[in-house]
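Engineer: So that you can map any letter, position 96 of the sequence shown is 96 in my numbering, and since no number is skipped, the others follow by simple counting. Sharing a structure, written as C-alpha cells. Questions coming.
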Amino acid sequence: MKTETLAALQDARTKRRAVTLATRLGDAAEALVYRDDAKGELGGNSEILVAARRAMDIGKSETVDVGGAKIFLNVYVPPPRLIIVGAVHIAQSLAPMAAMLEFDVTVVDPRGAWATTQRFPGVKVIQDWADEAFQAMGLDSSTAVVTLTHDPKLDDPALESALKSDVFYIGALGSRRTHAKRKERLAEVGITEEMFARVHGPVGLNIGAKSPAEIAVSILGQIIEVRARRLEALSAPKVAAA
1 MKTETLAALQ DARTKRRAVT LATRLGDAAE ALVYRDDAKG ELGGNSEILV
51 AARRAMDIGK SETVDVGGAK IFLNVYVPPP RLIIVGAVHI AQSLAPMAAM
101 LEFDVTVVDP RGAWATTQRF PGVKVIQDWA DEAFQAMGLD SSTAVVTLTH
151 DPKLDDPALE SALKSDVFYI GALGSRRTHA KRKERLAEVG ITEEMFARVH
201 GPVGLNIGAK SPAEIAVSIL GQIIEVRARR LEALSAPKVA AA
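Quick look at the structure:
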C-alpha cells in the first residue's frame, strides 16, 4: 500500500468517511473510492466505482471481476454510531448497552446538570443543542439518532436535522398523541409526511417495556432490527428488468 493511500485511509477514518480501496490484483493498480469522489489509477472505471460503492453500502470487502480483471475491494466504513439526545434515565441504560455492542455512543444535552461524565462514564457527552452538535459531528448512514427528552425545544431540532440526513435510524420517545403533535410541529418547518415516516415513534419494539432499562432494551432491539434489515436489502441481488 502506498504511503499516500495509507494517509488517506487514516484521514477518512478520523472523519467517519466511508471509503473503498480498489486494487487490481494483476498489477496492484489502486483507486480510493468515496461515495462522492474517486482518486487513483482505477478511478475512471465506472464499473469499479459502482461495485465499490455497493460494497460500502453493504459494509463487506470482496473480490469482483471487472472486464476480466480481478479487483479486490477493501471496504473501510465508520463503526455504527448511536447519538442519544437527552441525558435522562433511559439514556443511562441505553448508552452502556449500545457500547457493549460496539456502537460509538454520544449523549447530547445542553443541560449541564444532566449531561455529565459522572452520569455517563466511558461515554462521550456533549453539552450543546442537538442541531448544533449534529452539524459539528456530521451525520452519516452508519448513525442512529434517538431523542428521549419529551421537550420539543430539545427533541424537535434534533429530529429535523436527522430527517434531513441519511442516518439509518431515527427514534423518538413519547406516546402516540405526543407523536402526532410532533408531526404537526415538524410539518411547520418543512418536514413532509414521507420524511416523517422514517421516525420510529413511539420508539422501541413493543415488548411491554416499563422500566428505563427495559425501554432501553426495546430501543436497542429496534435499532439492531432496522440495521439488519437495511443491510439485508442492500445485499440482495438486483433483479434485472424484463
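Built from N, CA and C at the ideal position, the CB exists for glycine as well. Source: prediction; values computed, not measured.
Which parts of the region 129–185 are runs of the beta strand (DSSP E), unbroken and 3 residues or longer, counting only runs that do not cross its ends?
Structural biologist: Listed in chain order, the complete beta strand (DSSP E) runs (minimum 3 residues) inside the region 129–185 are 143–147, 169–172.
Engineer: Could you pull out every residue in the same chain whose Cβ sits closer than 6 Å to the Cβ of A133, ignoring the five residues on either side in sequence?
Structural biologist: Here residue 133 is taken as the residue at index 133 of the sequence shown, counted from 1. Only V108, I126 meet the Cβ criterion.
Engineer: Output yes or no for whether 9 Å exceeds the beta carbon distance between P78 and D37.
Structural biologist: The count along the sequence shown starts at 1 and reaches residue 78 at position 78. The count along the sequence shown starts at 1 and reaches residue 37 at position 37. No, the pair does not count as a contact, with Cβ atoms beyond the cut-off.
Engineer: Find out if the Cβ-Cβ distance for the pair V189, I170 is shorter than 9 Å.
Structural biologist: Looking up residue 189 in the sequence shown gives position 189. Looking up residue 170 in the sequence shown gives position 170. No; because the gap between Cβ atoms is not below 9 Å, this pair is not in contact.
Engineer: Answer with yes or no whether the minimum CB distance from D27 to chain C is below 9 Å.
Structural biologist: Of the protein chains in the structure, only one exists, and it is not chain C.
Engineer: When the distance is taken between beta carbons, is A87 closer than 9 Å to A129?
Structural biologist: Translated into the one-based positions of the sequence shown, residue 129 becomes position 129. Translated into the one-based positions of the sequence shown, residue 87 becomes position 87. Residue 129 is actually Trp in this sequence, not Ala. Against a cut-off of 9 Å, the Cβ pair of A87 and W129 comes out as no contact.
Engineer: So, for A242: in the same chain, excluding its five sequence neighbours on each side, which residues have a beta-carbon less than 7 Å away from its beta-carbon?
Structural biologist: On the sequence shown, residue 242 is found 242 positions in, with the first residue counted as 1. Model confidence at A242 stands at a pLDDT of 46, short of 50, so the residue's coordinates are unreliable and nothing is read from them.
Engineer: Quick check: what's the CA-CA separation for R229 versus L94?
Structural biologist: One-based indexing of the sequence shown puts residue 229 at position 229. One-based indexing of the sequence shown puts residue 94 at position 94. Looking at the two C-alpha atoms, the distance is approximately 21 Å.
Engineer: In whole angstroms, give me the CA-to-CA distance for I84 and A162.
Structural biologist: Residue mapping note: residue 84 aligns to position 84 of the sequence shown, counting from 1. Residue mapping note: residue 162 aligns to position 162 of the sequence shown, counting from 1. C-alpha separation (whole angstroms): 12 Å.
Engineer: Mapping DSSP to helix, strand and coil, what is G40?
Structural biologist: Numbered from its first residue, the sequence shown carries residue 40 at position 40. Strand.
Engineer: Tell me the rounded alpha-carbon separation between L73 and L231.
Structural biologist: For the purposes of this step, residue 73 is taken as residue 73 along the sequence shown, with counting starting at 1. For the purposes of this step, residue 231 is taken as residue 231 along the sequence shown, with counting starting at 1. Straight-line Cα distance between these residues: approximately 18 Å.
Engineer: How long is the line joining the alpha carbons of Q135 and V167, rounded to whole angstroms?
Structural biologist: Counting from 1 along the sequence shown, the entry for residue 135 is found at position 135. Counting from 1 along the sequence shown, the entry for residue 167 is found at position 167. Answer to the nearest angstrom: the Cα atoms are 13 Å apart.
Engineer: Which first and last residues belong to the beta strand (DSSP E) in which P11 is found?
Structural biologist: Taking the sequence shown and counting its residues from 1, one reaches residue 11 at position 11. For the sequence presented, residue 11 should be read as Asp rather than Pro. From DSSP, D11 is part of no beta strand (DSSP E) but of the alpha helix (DSSP H) over 3–14.
Engineer: Looking at the structure shown, is E232 part of a helix, part of a strand, or coil, going by DSSP?
Structural biologist: Numbered from its first residue, the sequence shown carries residue 232 at position 232. Taken through DSSP and simplified to helix, strand or coil, E232 comes out as helix.
Engineer: Whole angstroms are fine: how far does the CA of L148 sit from the CA of R177?
Structural biologist: Taking the sequence shown and counting its residues from 1, the one referred to as residue 177 is at position 177. Taking the sequence shown and counting its residues from 1, the one referred to as residue 148 is at position 148. When rounded, the distance between both Cα atoms is 16 Å.
Engineer: Do T23 and V75 have their C-beta atoms closer together than 9 Å?
Structural biologist: Numbered from its first residue, the sequence shown carries residue 23 at position 23. Numbered from its first residue, the sequence shown carries residue 75 at position 75. Taking 9 Å as the Cβ cut-off, T23 and V75 do not qualify as a contacting pair.
Engineer: What are the boundary residues of the beta strand (DSSP E) that F72 is part of?
Structural biologist: If you number the sequence shown from 1, residue 72 lands on position 72. First-last of the beta strand (DSSP E) with F72: 69–76.
Engineer: Report the option in G201, V217, R198 whose CA atom is closest to the CA atom of I207.
Structural biologist: Residue mapping note: residue 207 aligns to position 207 of the sequence shown, counting from 1. The option with the nearest alpha carbon to I207 is V217.
Engineer: For E188, which of helix, strand or coil comes out of DSSP?
Structural biologist: The count along the sequence shown starts at 1 and reaches residue 188 at position 188. DSSP places E188 in coil when its eight states are reduced to three.
Engineer: Going straight from the alpha carbon of L220 to that of G59, what length do you get?
Structural biologist: Here residue 220 refers to the residue found at position 220 when the sequence shown is read from its first residue. Here residue 59 refers to the residue found at position 59 when the sequence shown is read from its first residue. Taking the straight line joining both Cα atoms gives about 20 Å.
Engineer: In three-state DSSP terms, what is L205?
Structural biologist: As a first step, residue 205 is located in the sequence shown; it is residue number 205 there, counting from the start. In this structure, L205 counts as coil in the three-state DSSP scheme.
Engineer: Checking 9 Å against the spacing of the C-beta atoms, do L42 and I71 come in under that value?
Structural biologist: Against the sequence shown, residue 42 aligns to sequence position 42. Against the sequence shown, residue 71 aligns to sequence position 71. Yes, Cβ-Cβ distance for L42 and I71 is below 9 Å.
Engineer: Go through its chain and collect everything with a Cβ distance to R185's Cβ below 7 Å, but skip five positions before and after it.
Structural biologist: Translated into positions along the sequence shown, residue 185 becomes position 185. P152, D156.
Engineer: Classify D65 as helix, strand or coil using the three-state DSSP reduction.
Structural biologist: For the purposes of this step, residue 65 is taken as the residue at position 65 of the sequence shown. Strand at D65.
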